[in-house]
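What follows is a short report on a single structure.
Residue numbers (our numbering): 5 to 109.
Listed below in C-alpha cells is the structure:
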C-alpha cells in the first residue's frame, strides 16, 4: 500500500489537478488529505483557479481513496458536500507496522 499526502488545496482546481497527477504517477493507493480542502480563509488571497464546487466534484470522484482530517479552514458546511469524512481533528493509521498520527498542524 502506498500513501500520497496532500494538504491545503484551499479550493484550487489547478493545484488539486497537479496533485492528482502526481498521485497517479506514483501509483499510490490512498490520498491522505490533511485539511483545508475547499475554503481559502479570510486572511488569504484567492488561490490559482479557485473553484470550490469543482474541487468538491473532483474530490468526491476519489472519495473511496481519501483519508482526511479537518484543517483550520474546513467547516461543517464542507462536510455536507463531501462524500468522505473530513471533520476529525486528528486520526491515526497503521502503515507498514508504524502508527501514523494525522493532523492539520
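Ideal Cβ placement from N, Cα and C applies to all residues, glycine included.
(message) Do residue 7 and residue 94 count as a contact pair if the criterion is CB distance below 8 angstroms?
(response) no
(request) Following the continuous alpha helix (DSSP H) through residue 23, name the residue where it begins and the one where it ends. (result) 17 to 29
(request) Determine the DSSP secondary structure at residue 63, reduced to helix, strand or coil. (result) helix
(request) Mind reading off the beta-carbon distance from residue 54 to residue 101? Whole number of angstroms is fine, and I expect it under 8 angstroms. (result) Residue 54 to residue 101, Cβ: 40 angstroms. No contact.
(message) On the DSSP letters alone, give me the boundaries of the beta strand (DSSP E) that residue 36 sits inside.
(response) 34 to 37
(request) Could you tell me whether the region 26 to 33 touches the region 46 to 60, using the rule of 3 or more Cβ pairs below 8 angstroms? (result) no
(message) On the CB-based measure, 16 or more other CB atoms within 10 Å of its CB, does residue 75 come out buried or exposed?
(response) buried
(message) Less than 8 angstroms between the beta carbons of residue 97 and residue 69, yes or no?
(response) no
(request) Can you say whether residue 18 is buried or exposed, counting buried as having 16 or more other CB atoms within 10 angstroms of its CB? (result) exposed
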